[in-house]
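Position in the sequence shown counted from 1, then plus 59, gives you this note's numbering.
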Amino acid sequence: MIKNIEKTSFFLLFHEGGRLLMYSMAHVGIRVQDLHRSLHFYVDALGGMKDKEFQMPSGSHLVFVRFADFAVELICKPGDDRVPGRNHVAISVPSMEDALRRLGSCGFAAGPVSPMGDHARNCFLNGPDGEIIEFCEGSL
């Protein structure tokens, strides 16, 4: 049982049995149709900084645009006919095992843990209303 929760900007600090668990908002993933147009908007118009870029085996092209302590992940997959827009919210966790254990104790099961680059890993789960939540450990 969580005894004390502090909320500060993008951070939630959970105090549990004398142990501090910190979760921070990592990024919001947005499905886009035209990566060049989206980069123009998020970098040139909004002042973000183009950061990491990945070409996934699935064919998706991912580009992270950084804003101070937050990022927008632009997800572009040629031929994807899904409606562009919000795809998922990502939460940074200090320990994937602790996060999965806590989720399991509350009745939620996450998908498999996958590597992301050399020093990070992630997993996904659906929230109670079908929303997609990504948990990230490490740095990209």
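The C-beta atom is built at its ideal place from N, Cα and C for all residues, glycine as well.
| Check | Outcome |
| --- | --- |
| Return the bridge partner residues of Cys-182 from the DSSP annotation. | Phe-194 |
| What does DSSP give as the partner residue(s) for Ala-130 in the beta ladder? | His-86, Arg-125 |
| Can you find the residues in the same chain that come closer than 7 Å, C-beta to C-beta, to Phe-167, ignoring five residues on each side of it along the sequence? | Leu-184 |
| Could you please give the first and the last residue of the uninterrupted alpha helix (DSSP H) stretch that includes Gly-163? | 155-164 |
| What do you get for Phe-113, buried or exposed, if any count of 16 or more other CB atoms within 10 angstroms of its CB means buried? | exposed |
| Does the Cβ of Ser-68 have 16 or more other Cβ atoms within 10 Å, making it buried, or fewer, making it exposed? | Low confidence applies here, because Ser-68 scores a pLDDT of 42, under 50, leaving its location unreliable and the question unanswered by this model. |
| Rounded to the nearest angstrom, how far is the Cβ of Lys-109 from that of Val-122, given a contact under 8 Å? | 7 Å |
| Can you tell me whether Val-142 is buried or exposed? The criterion is at least 16 other CB atoms within 10 Å of its CB, across all chains shown. | exposed |
| Among Ser-83, Asn-146, His-178, His-120, whose alpha-carbon lies nearest the alpha-carbon of Leu-94? | His-120 |
| If you compare alpha carbons, which of Ile-134, Asn-181, Asp-157 is closest to Val-39? | Within the shown structure, residues of the chain are numbered from 60 to 199, placing residue 39 beyond reach of any answer. |
| How is the alpha helix (DSSP H) around Arg-145 delimited, first residue to last? | Here Arg-145 belongs to no alpha helix (DSSP H); instead the beta strand (DSSP E) covers 144-151. |
| Using CA coordinates, which residue listed in Val-124, Gly-118, His-86 is at the minimum distance from Asp-103? | Val-124 |
| Ignoring anything shorter than 4 residues or poking outside the segment 92-116, list the alpha helix (DSSP H) runs there in chain order. | 94-98 |
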